[in-house]
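See below for the structure under consideration.
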Amino acid sequence: MEKKSIKSEHGIIYYWIGGNKNEDASCIIFTHGMTADHTMFDMQVGYFGEKYKIITWDMPLHGESRPYDNFSYYNVAYELKNILDVEKVDKVILVGQSMGGYVCQEFAIQYPEKVKAFVAVDTNPFGHYYYSKWERYILTKVGIMSSWLPYSLLVKSIAKGATKTEYAYENLYNAVSKLSKKEIIFIINMGYGGFLKRKETIKFDFPVLLVVGDSDNTGYVKKYNFKWSKHEGYHLEIITNAAHNSNVDNHVEFNKVTEKFLSKL
């Protein structure tokens with residue numbers, strides 16, 4: 001994977017590109033979750049790289065894409081569009097985990113003509129329809145509650161709460177520990193705050209696959225995905241022996257499920 005960067009008025013964004021070099025190869029861009037980085041998809045890069053052009057990136061405020069001013073999902077979607085424009089990618093397959101799924105949804109709202117399909121990994125749907133007033137209220141307090149924890153405990157609790165396997169734990173721990181406590185709390189506040197701004201439900205016209213780990217105990221992600229699947233008719237796959245970072249916990253099963261979905265496009 002070749003490391004590259006783009007610069008906008010808000011900061012420098014780092015991304016990695018590789019995989020199939022044929023001009024007619026479809027492109028997958030993988031967008032990681034809250035406090036993670038591009039290495040979350042290391043087990044997908046090699047697997048899908050033979051057939052697809054692959055792009056991973058450090059979302060603004062994460063990994064090497066720091067510092068970044070004026071974070072919003074609208075701005076992050078624009079940065080993603082800039083990467084695709086630089087790489088001359090007209091249509092892309094979006095794979096987004098957790099917060100990365102919010103970025104993908106915003107991108108699809110802003111640039112629907114550029115989306116070929118969307119794989120939503122342990123993420124939640126936009127729209128207040130899916131959430132009670134109490135659940136929305138709790139989301140606004142996650143940052144405050146997280147700030148009560150000592151830094152070392154905060155890092156460990158984030159990594160432990162989202163993973164089931166040792167490999168997945170180490171992967172997330174390494175990413176989170178690069179961030180300061182102030183950065184972590186800011187990401188949490190920006191992540192959930194921006195998510196709640198989208199009040200309307202969104203119906204996408206391209207194929208969508210929902211993927212959730214069977215042991216995902218982060219909030220009510222599983223419940224929301226069952227409701228999302230029922231409301232919009234999107235196919236839902238449950239990944240066994242996997243928590244919130246299901247593509248990392250059980251990459252073998254995740255890769256097969258995703259490959260089957262993509263083969264039908």
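Just so you know, we're using full-length UniProt numbering here: the sequence shown kicks off at 1 and counts up by one. We put the beta carbon where it would ideally sit given N, CA and C, even for glycine. These numbers were taken from a predicted model, which means no experiment stands behind them.
The residue from ASP58, ALA242 and ASP69 with its alpha-carbon nearest to that of LYS3 is ASP58.
Runs of the alpha helix (DSSP H) lying entirely within the region 8-60 and spanning at least 4 residues, in chain order: 42-49. Counting C-beta pairs closer than 8 Å gives three or more between the region 116-130 and the region 194-202, which meets the contact rule. Within the region 118-142, the complete alpha helix (DSSP H) segments of 4 residues or longer fall at 133-139, listed in chain order. Here ILE185 is not near SER152, since their CB atoms are 8 Å or more apart. DSSP lists VAL212 as the bridge partner or partners of ILE238.
Annotation for ILE202: no alpha helix (DSSP H) segment contains it, and DSSP assigns it neither H nor E. GLY96: member of the beta strand (DSSP E) spanning 92-97, first to last residue.
Beyond the five residues adjoining it in sequence on each side, ASN82 comes within less than 6 Å, by CB distance, of ILE6 in the same chain, given in chain order.
Cβ-Cβ distances below 7 Å link ASN225 to LEU210, VAL212 and LEU236 in the same chain, with the five nearest sequence neighbours on each side left out; the list follows chain order. LYS160 sits in a helix when the DSSP states are folded into three classes. Separation of VAL257 and THR240 (C-alpha to C-alpha, rounded to the nearest whole angstrom) is 11 Å. Take MET99, set aside five residues on each side of it, and the residues of its chain with a beta-carbon closer than 6 Å to its own are GLY33, MET34 and GLY191, in chain order. DSSP lists no bridge partner for LYS88.
Just so you know, the alpha carbons of ILE93 and TYR137 end up roughly 33 Å apart. Excluding the 5 residues flanking it on each side, PHE206 has same chain C-beta neighbours closer than 8 Å at ALA108, PRO112, VAL115, LYS116, ALA117 and PHE118, in chain order. Annotation: GLU106 to TYR73 spans about 6 Å, alpha carbon to alpha carbon. With a contact defined as Cβ atoms closer than 8 Å, ASP216 and LYS222 qualify at about 5 Å. PHE254 sits away from SER263, with the two beta carbons spaced by 8 Å or more. In the three-state scheme derived from DSSP, where H, G and I count as helix and E and B as strand, TYR102 is classed as helix. For GLU64, the secondary structure class from DSSP, reduced to helix, strand or coil, is coil. Here TRP134 is exposed. Its C-beta has fewer than 16 other C-beta atoms within 10 Å. LEU154 has its alpha-carbon roughly 10 Å from the corresponding atom of SER177.
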